[in-house]
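Q:
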DNA sequence: TTTTAATCGAGACGGTACGTCTCGTCTTAAA
DNA sequence: TTTAAGACGAGACGTACCGTCTCGATTAAAA
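Residue numbers (my numbering), protein chains in the order written: chain B, 1 to 199; chain Y, 1 to 199; chain G, 1 to 199; chain W, 1 to 199.
(1) Name the residues in the stretch 151-170 of chain B whose C-beta lies less than 9 Å from a C-beta of chain Y; which are they?
(2) To the nearest angstrom, how far is the alpha carbon of residue 103/B from that of residue 165/B?
(3) By a C-beta neighbour count over all protein chains shown, 10 Å radius and 16 as the cutoff for buried, is residue 33/B buried or exposed?
(4) Taking the alpha-carbon of residue 161/G as reference, which of 131/G, 61/G, 198/G and 174/G has the nearest alpha-carbon?
(5) Who are the Cβ neighbours of residue 78/W in its own chain at under 6 Å, not counting the five residues just before and after it?
(6) Determine, for residue 144/Y, whether the minimum Cβ-Cβ distance to residues of chain B falls below 8 Å.
(7) Is it true that the stretch 140-152 of chain B meets the stretch 87-103 of chain B, where meeting means three or more beta-carbon pairs spaced less than 8 Å apart?
(8) Looking only at C-alpha atoms, which of 116/W, 100/W and 176/W sits nearest to residue 186/W?
(9) From the DSSP output, in three-state form, read off residue 108/G for me.
(10) What span of residues does the alpha helix (DSSP H) with residue 49/B cover, start to end?
(11) In chain B, which residues lie with their C-beta within 7 Å of the C-beta of residue 251/Y?
(12) Residue 47/W versus chain G: which residues are under 8 Å apart at the beta carbon?
(13) Identify, in the order they occur along the chain, each residue of the same chain with its Cβ nearer than 6 Å to the Cβ of residue 163/W, setting aside the five sequence neighbours on each side.
(14) Ignore the nearest five residues each way along the sequence and tell me which others in residue 167/Y's own chain have a CB closer than 8 Å to its CB.
(15) Mind checking if residue 58/G is an interface residue toward chain W, Cβ cutoff 8 Å exclusive?
(16) Cβ atoms of residue 118/W and residue 75/W: under 8 Å apart, would you say?
(17) First and last residue of the alpha helix (DSSP H) that includes residue 169/G?
(18) Could you list which residues in chain B have their beta carbon closer than 7 Å to that of residue 180/Y, in chain order?
(19) Do you know how far the Cα of residue 190/G is from the Cα of residue 28/W?
(20) Quick check on this structure: which residue in 105/G, 88/G, 121/G and 179/G has the alpha carbon closest to the alpha carbon of residue 44/G?
(21) For the stretch 29-45 of chain Y, enumerate the residues whose C-beta is nearer than 8 Å to any C-beta of chain B, in chain order.
(22) Report buried or exposed for residue 125/Y, applying the criterion of at least 16 other Cβ atoms within 10 angstroms of its Cβ.
(23) Is there a C-beta anywhere in chain G that falls below 8 Å from the one on residue 176/W?
(24) Run the CB neighbour count on residue 203/G, radius 10 Å, all protein chains shown included, and call it buried at 16 or more, exposed below.
(25) For residue 131/G versus residue 175/G, is the C-beta distance shorter than 8 Å?
(26) Of all the CB atoms in chain Y, is at least one closer than 8 Å to the CB of residue 188/B?
(27) Give the residues of chain B in contact with residue 121/Y, contact being defined as C-beta atoms less than 7 Å apart.
(28) Mapping DSSP to helix, strand and coil, what is residue 123/Y?
(29) Classify residue 129/Y: buried if its beta carbon has 16 or more other beta carbons within 10 angstroms, exposed otherwise.
(30) Per DSSP, what kind of secondary structure is residue 12/B in: helix, strand or coil?
(31) Taking only beta-carbon positions, decide if residue 125/G is within less than 8 Å of chain W.
(32) Cα separation between residue 37/Y and residue 114/Y?
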């Protein structure tokens, strides 16, 4: 699970002393999420999370280096659950469906706001950019590439296609619209897929 | 005697106040720009700008409501100068040239970093998003639309083309690459133009 | 007049249309006085005086080096008018009458508040202490000494009396009571005179 | 999910907060004292105290409402230690000794400068006057009265003596001389005691 | 009557300190 | 040993005044 990375090993083998409190962990993640949605990224403070989660600040700093790591935990967990990359069916259809889900995710769901906030914060701090790549962008991109590769292997996509250029041409417009507050309609997404994948 | 409300004669003498100091204005804009590039958005503080510009904090607060407004001033001034929208020649060539300039602006120039930082900050604060639209995105988009409209009028682009969808499909991938720290090569831009405008 | 001291010599030499505006001068003195009574010494700011007097800050700085000088102007003017040192009659009676007037001045009149405020400020700043001595305490003390000397000359007071010790023993308790907010009754003053001058 | 109000279990764990840091407290008191003596009351700033004491401003504001409260703390501590009210021996001798100590305290010791500064500030701000009474003047006056009462009980002082009038007649001249920068000699004090207590 | 120079109100400027806020670290006592 | 509570050093926030400095407009004596 995504958050395991920030957590000491959880296998309940034998010794008890080093037990992380799961209630506290969830309370922190939810509090951070809520604060982001209610008040924006600036309204997410460690102090505020601690107060809302009923947890001591030190407990947060013990397990997460910064508030960005908390938000990354919630993003990774939520995106893994709610923004799955399809692994069957015709690839163009799979891509279209994935991009529609991405549009919905970015514009309608709380976790989408977290994604946009983290992408925003990555512009402000190099450390955030690095973490965002490592924990979210890169693993996801790997799976997105695999999806396209399957299309190439199946002959649905041309052999010489530049995977990253294609993916950025598909994802970029959707993210850009979300970032600028523009609506991302199904029509916009479908036209995009048509232009990029079927030309 | 002390309680008398005596006041100096109120004849409207002295009408013209001191005018704004242009040196101070420029020093502030440059200091903000420098700090953003050197230390990132978080390193841009009103206190730091004042210190580096050799200006009093109050002078900053007198003319700018927030540091975002300062950065917007530098962005708008710089983008107007260095990221002009071509107004002659074949439209596809003009668009290609404009997007190449945009790619260079975003990845190589200080003002491009300001743009990305403001787009990032717009994710954190609604007020910034509004200002960013009013001062930068919307006016620029109007001119970008005009460029495409010229292409439609000249028969270079199909009559029914969705201007905003086209623009977001062109600009989105470039901005997204810049946001994620990916290189934005001339090849990527040219392929994009080919796909979107010549399909 | 007291304020002349802060003003350059007024001989109309050569070509000088440099006439000081008397309205502004009075407005400033009254505004300072009012602010002191209404808000205390801390509430007396040059900015506040200027605003209330309807005068420019520069006009104040042109004629007075600091707000203390403004208050000294009002104090000296008022004390000269309302706290006269008697120069006839039996000396003990004259002293008693003077001290009764002093008690009233300190506890009931606005100018008394100015005196206490300046004595207070003299504890905070050496420059104020010096000015306060030069403009108020020393000249007044000279006249108080003259009063007692008249008593010695007339044989009403013993020849070897220490003038300053006697004056401080009379004035000290009254001022101290005023400083600590204690009432200064006629009985207190009269008993003081009896103890100090008739023992 | 994000909006759920999940909170860590609220069993009252962790009960004891950190206690106040005595080192910081003393460093603040000493820094304030030093600054007052070196630069006068105006030179005592919260910022300056914090810097000299090596303490954060917030730590000062956490424990003291204002710089006046800091100075009152040092005054009360020092006066309790160095300006004791004698409680044995003939009362006239005790009073003479106390007043000599007061003269020395006011003119020679740092804490005496604090006392004069606070008495000065009390003229500027009603709140300071109140605090100064509650924390310093009133408790001390109670003990001073007790001293005189002992003299009355012992028959050393007349039965009908007005305690406060007597005390103000003794203390007033000494404080007044200190306030006006005049020397307070042993001869002045002794003559005062003679006049006021033995007439 | 024109010139000329000091006055005036207005307010921008570089500064200092204010009192508040949040950060991330450190300390304590209870569980 | 981990937790909740919260004190701590650090430093930015936005505000209030400081004292200096233009800036036109006004004004009145000297030329």
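Glycine residues also receive a C-beta, built at the ideal position from the N, C-alpha and C atoms.
Predicted, not measured: the structure shown is a model, and the values here were computed from it.
A: According to the structure data:
(1) Listed in chain order, the positions of the stretch 151-170 of chain B with a beta carbon within less than 9 Å of a beta carbon of chain Y are 162, 164, 165, 168, 169 and 170.
(2) Using only the alpha carbons, I get a separation of about 19 Å.
(3) Buried, by the Cβ-count rule.
(4) Measuring C-alpha to C-alpha distances from residue 161/G to each of 131/G, 61/G, 198/G and 174/G identifies 198/G as the nearest.
(5) For residue 78/W, same chain residues with a beta-carbon under 6 Å away, outside a window of 5 residues either side, are 111 in chain order.
(6) No, because no Cβ of chain B sits closer than 8 Å to the Cβ of residue 144/Y.
(7) Per the Cβ contact rule, the stretch 140-152 of chain B is in contact with the stretch 87-103 of chain B (3 or more Cβ pairs under 8 Å).
(8) That would be 100/W, whose Cα lies nearest to the Cα of residue 186/W.
(9) For residue 108/G, the secondary structure class from DSSP, reduced to helix, strand or coil, is helix.
(10) 46-53 is the span of the alpha helix (DSSP H), which, as asked, contains residue 49/B.
(11) In the structure displayed, chain Y extends from 1 to 199; residue 251/Y sits before or after that span and is not available.
(12) Listed along the chain, the chain G residues whose CB falls inside 8 Å of the CB of residue 47/W amount to none; the nearest CB is some 17 Å away.
(13) Same-chain partners within the cutoff: 145 and 148.
(14) Cβ neighbours of residue 167/Y beyond the five flanking positions: 141, 144, 145 and 148.
(15) With 8 Å as the cut-off, residue 58/G does not count as an interface residue toward chain W.
(16) Cβ distance < 8 Å, so residue 75/W and residue 118/W count as in contact.
(17) Per DSSP, residue 169/G belongs to the alpha helix (DSSP H) from 163-179.
(18) In chain order: 137.
(19) One C-alpha to the other measures close to 46 Å.
(20) Comparing alpha-carbon positions, the option among 105/G, 88/G, 121/G and 179/G lying closest to residue 44/G turns out to be 121/G.
(21) For the stretch 29-45 of chain Y, which is checked against every Cβ of chain B, the residues closer than 8 Å are 40, 41 and 42.
(22) So residue 125/Y ends up on the buried side.
(23) Closer than 8 Å to some Cβ of chain G, the Cβ of residue 176/W qualifies, so yes.
(24) The first residue shown for chain G is 1 and the last is 199, placing residue 203/G beyond what the model contains.
(25) Cβ distance not < 8 Å, so residue 131/G and residue 175/G don't count as in contact.
(26) Answer yes: the Cβ-Cβ gap between residue 188/B and chain Y drops below 8 Å somewhere.
(27) By Cβ distance, chain B contributes 120.
(28) In the three-state scheme derived from DSSP, where H, G and I count as helix and E and B as strand, residue 123/Y is classed as coil.
(29) Result: buried.
(30) Because residue 12/B sits at a pLDDT of 39, beneath the cut-off of 50, its placement in the model cannot be relied upon, and the following sentence gives the value as read from the coordinates. DSSP, read as helix, strand or coil, puts residue 12/B in coil.
(31) It does; some Cβ of chain W falls within 8 Å.
(32) For residue 37/Y and residue 114/Y, the distance between alpha carbons rounds to 8 Å.
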